[in-house]
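Written below as structure tokens is the structure these notes are about.
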Ligand code: UDP
Ligand code: MG
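Numbering (my numbering), first residue to last: 422 to 832.
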């Protein structure tokens, strides 16, 4: 939980600026100089942490050279590209300041906004101040429109209505951000995730510049990934967050309390999810046996999954516990993002099951193989739902273990 005692302007002893960089050779020197110029005017001690995320160009060489001249600069280097989130997490872990600022390393964020962010952090008793690129200087159709839609959905789904989750320029109270588990590509969900540890969030408008040197590291593929992330984070937040109960709960609130009670545990969620399948199995029993059996099978499989997940989460919470086989599988095999892997597989199985249930396909199967495809369809649909849920529960385990996962090596 964030400390109840707030820092005031005079109490800040050190500011840490964390900058993840991947192939930004033309940008890093210029950016450091701009950050330095701004920090000198603030008057507090500061450090700048550049995290080289396995760059293949001269980024590390330029930073090493710069480091010889600048004692305020520290460089963390990943041997391989581990992603912006891992780079930011490494920076947060090594930061020594009471206040941390994160920003992109491509000069699109403006260091001149740092004092404004710090002021807001101190003034409003906030733990996190997010930058809002109101006049965003990126392509309209491929970048700004998807971002507006994604931010709207994230706001609705997570209940944290931030205009610009994707803006890296943010200020954090170190004691709070260091508690937020970061894994996968969840740097875009820092505001929503911070609410899990009770963070108080504000936002201010910041300047944004077009990219002058180097290329953006993300394409349109991120739209699909962000959509899966939204589902995963809603699930995680629902299981882990404790929200104060409203005075007079509405029907909707009461329903959501049953489904996602504060500190709801994985097994209870699984039990709730499996309930409709038990009922459906019972209704279908007799008329369509294979469909009924698939429903019963799915319900039982979900319960077992919830029970295993629950146990793994409990293990992950005990510092001394070693990671279980399942947790290890999710973290190593699925590149730490179970839903990224199992989500599409589950959707594909579900779709295939739906196609097999169609009447023309069924009669085609009857003609050729002398068996209908509808029973196979029911099994595929149940399998698809199970595989998707497997990915979701895997996200819970990965989240619970995130603090103990080291994605990076420090050179
Ligand atoms: N970045 C990183 N690792 C990656 C991808 C990006 O450290 O795998 C850094 C990148 O160098 C930049 C920041 O993250 O400093 C944001 O990336 P980018 O500017 O490509 O994103 P965009 O502004 O296009 O959303
Ligand atoms: Mg950029």
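We put the beta carbon where it would ideally sit given N, CA and C, even for glycine.
Quick caveat, the model's predicted, so the values are computed rather than measured.
Setting aside the 5 residues that flank it on each side, residue 655 is surrounded in the same chain by 578, 579, each with a C-beta closer than 7 Å to its C-beta; the list follows chain order. When the alpha-carbon of residue 438 is set against those of 447, 511, 444, the nearest one is in 511. Per DSSP, reduced to three states, the secondary structure at residue 642 is helical. Contact between residue 818 and residue 733 holds, with the beta-carbon distance rounding to 5 Å and staying under 8 Å.
By the Cβ criterion, the region 715-727 is in contact with the region 697-705, since at least three pairs of Cβ atoms, one from each stretch, lie closer than 8 Å. In the structure shown, residue 473 falls within a strand segment according to DSSP collapsed to helix, strand and coil. The C-alpha of residue 517 lies about 7 Å from the C-alpha of residue 435. Here the region 761-776 lies against the region 798-812, with 3 or more beta-carbon pairs under 8 Å apart. Between residue 485 and residue 443, the gap from beta carbon to beta carbon reaches 8 Å or more. The region 528-545 makes no contact with the region 486-505; the number of CB pairs closer than 8 Å stays below 3. The set of residues with any CB-heavy atom separation to the ligand MG below 7 Å comprises, in chain order, 525, 527, 529, 632, 637. The alpha-carbon separation between residue 814 and residue 727 amounts to approximately 7 Å.
Taken in chain order, the complete beta strand (DSSP E) segments of 3 or more residues contained in the region 500-540 are 520-523. Here the distance from the Cβ of residue 605 to the nearest heavy atom of the ligand UDP is not below 7 Å. Ranked by Cα distance from residue 581, the options 469, 620, 820, 793 are led by 620. As computed with DSSP, residue 629 is found in a beta bridge with 530. Judged by the Cβ position, residue 589 qualifies as a neighbour of the ligand UDP at the 7 Å threshold, a heavy atom of the ligand being closer than this. Put simply, of 461, 481, 467 the residue whose alpha carbon is nearest the alpha carbon of residue 445 is 481.
Between the C-alpha atoms of residue 738 and residue 566 there is a straight-line separation of about 40 Å. Taking C-alpha positions only, residue 590 is separated from residue 521 by approximately 10 Å.
Residue environment analysis places residue 820 among the buried positions, since at least 16 neighbouring C-beta atoms fall within 10 angstroms of its C-beta.
Sequence-distant partners of residue 623 (beyond 5 residues in either direction) whose C-beta falls short of 6 Å from its own C-beta, in its chain, are 541, 545, 547, 550. Residue 441 has its alpha-carbon roughly 6 Å from the corresponding atom of residue 473. Within the model, the alpha-carbon separation for residue 633 versus residue 781 is close to 56 Å. According to DSSP, residue pairing for residue 552 in a beta bridge involves 625.
DSSP, read as helix, strand or coil, puts residue 497 in strand. In the DSSP assignment, residue 569 is bridged to no other residue. Taking the Cβ of residue 441 as the reference point, at least one heavy atom of the ligand UDP falls within a distance shorter than 7 Å.
Membership of residue 594 in any alpha helix (DSSP H) is not indicated; the residue belongs instead to the beta strand (DSSP E) covering 591-594. With respect to the 8 Å criterion, residue 762 and residue 812 are classified as neighbours on the basis of their beta carbons.
Remark: the shortest separation between the CB of residue 505 and any heavy atom of the ligand UDP falls under 7 Å.
By the criterion of a C-beta distance shorter than 8 Å, residue 493 is surrounded in its chain by 457, 460, 467, 468, 469, once the five residues flanking it on both sides are discounted. Setting aside the 5 residues that flank it on each side, residue 506 is surrounded in the same chain by 603, 604, 605, 606, 607, 608, each with a C-beta closer than 8 Å to its C-beta; the list follows chain order. A heavy atom of the ligand UDP is found nearer than 7 Å to the CB of residue 508.
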